[in-house]
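There are 2 protein chains.
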Amino acid sequence: MDDAQSPPPVDRTLELLWRHQVGHPQGSRGPKQRVSVDEVVGAAISLADSEGLAALSMRKVAQRLGLGAMSIYTYVPGRSELVGLMIDEVAGEVDHPEHAGGLRDRMTAVARQLWDEYHRHSWLLHVQKARPWIGPNVSKRYEWQLEAIDGVGLDDLEMDHTIAVLTGFAESSARSSIEAAGARVDSGMTDLQWWEINAPVLGRLMAGGDYPISNRVGQAAGQAYESMGDSARSFEFGLARIIDGTEALLRR
Amino acid sequence: MDDAQSPPPVDRTLELLWRHQVGHPQGSRGPKQRVSVDEVVGAAISLADSEGLAALSMRKVAQRLGLGAMSIYTYVPGRSELVGLMIDEVAGEVDHPEHAGGLRDRMTAVARQLWDEYHRHSWLLHVQKARPWIGPNVSKRYEWQLEAIDGVGLDDLEMDHTIAVLTGFAESSARSSIEAAGARVDSGMTDLQWWEINAPVLGRLMAGGDYPISNRVGQAAGQAYESMGDSARSFEFGLARIIDGTEALLRR
DNA sequence: CCTAACATCGTATGGTGTACGGAATTGTTG
DNA sequence: CAACAATTCCGTACACCATACGATGTTAGG
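If you want it as structure tokens, here you go:
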């Protein structure tokens, strides 16, 4: 499904990512392009938003733009490159305000921005993150994230690691939040329905009594998640731990 | 690609997951099965280990077992269910020793076990985690993880959240470690080659000077990662922050 | 005007998951 | 023992997918 053949078309994609900064060299000879790269990316995003990343196909993007399937390839080298463009595009949807307040507020802002983005475009959770394309918006955001913790007493490596922990947490937390929200796009059942069907079976299977703590904790967690909005509280919890841990490091 | 139609074949899959505990009701009438569910799962795992999850197809699994493509479906309802069985299988590869030492040692053990597992089977990183199948080994591990932090002063909900943060971190850290290790299975280039090709282009693109901190930090992080084994140190760093944060909570 | 460059797109290739139905095999029953 | 029913195996088929290739038409530069 994914591959990268012998002559890496890599600068081509970088030029696409940075097209607004650098202006891609539209050869003047042939017929004009009927749409634009931005429209292609936009159509792909709206398709992924509504039907999920698995349902995003080159054919559907083309159809939505009134183009033949193969015409897409004159705008974008392939599907995985298109996804790269989509990622950078949505990373540019919000701007990056000046950081204010203490470390806690700043780290919270960083994490929450990502959390929100994952909720706005849940297909980001299904993206293959191997060797991410580095676009202007993603870069801008990384800079902004680093700004948030610059000068608080961390060295360069520690800054990178701190942002990694924070963003990694935001992603995994958003994932569980979105899954718990049910109404999965790519499976016909909500989480509630799933549990209603499977709880009795599972109860029988796990009846051996080998899982005393799981039963206790699982019950508490299950009830909390049923009463909705708890994934937000779970986010706050993990975030607080990470911030506390960072402050502990600074107090060394 | 993924779907779950009207009559949920869900108890079927649960019975497969728990087949060693409950013994699946092999109807006695027809011809004997030529292989076993365990062999199917094993073949699928070894295929995914060597060629990646994207290259795992029902046809290839069948071929490796000397079966026709469609015969697989008499063992397993479909591809996503097979992946569920693979996940539980590899979760059972290691046993779960008694917890010893303080909270720090215990949480470290939990995180490191996952980190190791992701490194042993990197296809786990590419798995769709929407509504995970609950098998015996995954359940056993969850119980073991909870044991690690039982009785230290966290309530049930806090325990669940703590394990979530810890396991989420282990995954995201393992992901960046495995990616940094280069030699990606599904792309023809190592990370080093990629950077060698693209670094000059990126340097030109980002030359605007809009990314002062990224440049500084990126350089430090880049050098560290080049000198290998730093992903392990990055893991230690994040882990320490999370543990410190948890201890701070307990000191409230 | 002519030609080189370019966009568009029909067709084709090789892949995927899996529905369907037939053939072969086996244990159970009359 | 024969008939039946259950079950496995698997060939074929369908609907998709990404994308390689080449034909066709469009445009601007020389």
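The listed protein sequences derive, respectively, from chains A and B. If you count the first sequence from 1, position 68 lands on 68 in our numbering, and the numbers rise without skipping. One rule links them: number in our numbering = place in the second sequence (from 1) + 1000. The beta carbon of each residue, even a glycine, is placed where N, CA and C say it ideally should be. All values derive from a computational prediction rather than experimental measurement.
- Here K129(A) carries a coil assignment [DSSP, helix/strand/coil].
- Here A62(A) is buried: its Cβ has 16 or more other Cβ atoms, across all protein chains shown, within 10 Å.
- An exposed status is given to H1020(B), since fewer than 16 other beta-carbon atoms sit within 10 Å of its beta-carbon.
- Ranking S1057(B), A1043(B), A1164(B) and S1172(B) by CA distance to the CA of G218(A) puts A1164(B) first.
- Scanning S1036(B), R1079(B), D1038(B) and I1243(B) for the CA closest to the CA of L1056(B) turns up R1079(B).
- Here R64(A) is actually not in contact with L85(A); their C-beta atoms are around 16 Å apart, not less than 8 Å.
- If you draw a straight line from the Cα of P1097(B) to the Cα of M1107(B), it comes to about 13 Å.
- Listed in chain order, the positions of the region 15-34 of chain A with a beta carbon within less than 8 Å of a beta carbon of chain B are W18, Q21 and V22.
- Among the residues of chain B, those whose CB is under 7 Å from the CB of I134(A) are L1202, following chain order.
- In this structure, I178(A) and S122(A) form a Cβ contact; the two beta carbons are roughly 5 Å apart against a cut-off of 8 Å.
- Under the Cβ distance rule, M1058(B) does not count among the residues neighbouring chain A, no pair being separated by less than 8 Å.
- When DSSP states are grouped into helix, strand and coil, L1065(B) belongs to the coil group.
- Its chain contains G153 as the residues whose beta carbon lies nearer than 6 Å to that of L250(A), once the 5 sequence neighbours on both sides are disregarded; these appear in chain order.
- For D1105(B), the closest Cβ of chain A is not nearer than 8 Å.
- Nearest to Q128(A) by alpha-carbon distance, out of G209(A), A54(A) and F235(A), is A54(A).
- In the three-state reduction of the DSSP assignment, Y1075(B) falls in the coil class.
- For W144(A), the uninterrupted alpha helix (DSSP H) segment begins and ends at P136 to A148.
- Taking all protein chains in view, the Cβ of R12(A) is surrounded by fewer than 16 other Cβ atoms within 10 Å, so the residue is classified as exposed.
- In the three-state scheme derived from DSSP, where H, G and I count as helix and E and B as strand, S1234(B) is classed as helix.
- The alpha helix (DSSP H) runs of length 4 or more contained entirely in the region 154-181 of chain A are, from start to end of the chain, 156-180.
- Between A248(A) and chain B, the shortest Cβ-Cβ separation is below 8 Å.
- Residue-level contact check: E1081(B) does not touch chain A, since none of the beta carbons of chain A fall below 8 Å from its beta carbon.
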